[in-house]
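Student:
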Amino acid sequence: MTTDRAAGGRKMVRIWLGDHLIAEYVAEPDRASRYQRVMTPKFTGLRITVDNSAGGSASELPSEQLWPFTVQ
Numbered sequence: 002m003t004t005d006r007a008a009g010g011r012k013m014v015r016i017w018l019g020d021h022l023i024a025e026y027v028a029e030p031d032r033a034s035r036y037q038r039v040m041t042p043k044f045t046g047l048r049i050t051v052d053n054s055a056g057g058s059a060s061e062l063p064s065e066q067l068w069p070f071t072v073q
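Quick note: the sequence shown, position 39, residue 40 per the working numbering, numbers continuous.
(1) By DSSP's criteria, Y36 is part of a beta bridge. Which residues make up the other side?
(2) Ordered along the chain, which non-local residues of its own chain (more than five positions away) have a Cβ less than 7 Å from that of I16?
(3) Apply the 10 Å Cβ neighbour rule to S58 and answer buried if 16 or more other Cβ atoms are within range, or exposed otherwise.
(4) Below 8 Å between beta carbons: does that hold for L67 and Y26?
(5) Would you report the Cα separation of V51 and S64, rounded to the nearest angstrom?
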């Protein structure tokens, strides 16, 4: 039996400007999906992807209270 984390429970959230990665976070699947839904209209023209986390040095997704301040 595998745990949720071992089965890819964490998701990698990336924000792209064309082919250039401009932000990278890790989060639980539900928070990653919510972040993508909330931020997509705010980042008009930028692509936001949510993929299985492959580890690495990405930052933890900020608190939902800070999401409105990520884009002005």
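Virtual Cβ for every residue (Gly too), placed ideally from N, Cα, C.
Predicted, not measured: the structure shown is a model, and the values here were computed from it.
Tutor: Looking at the atomic coordinates:
(1) Paired residue(s): none; Y36 is not in a bridge.
(2) I23, A24, F44, L47, I49
(3) exposed
(4) no
(5) 17 Å
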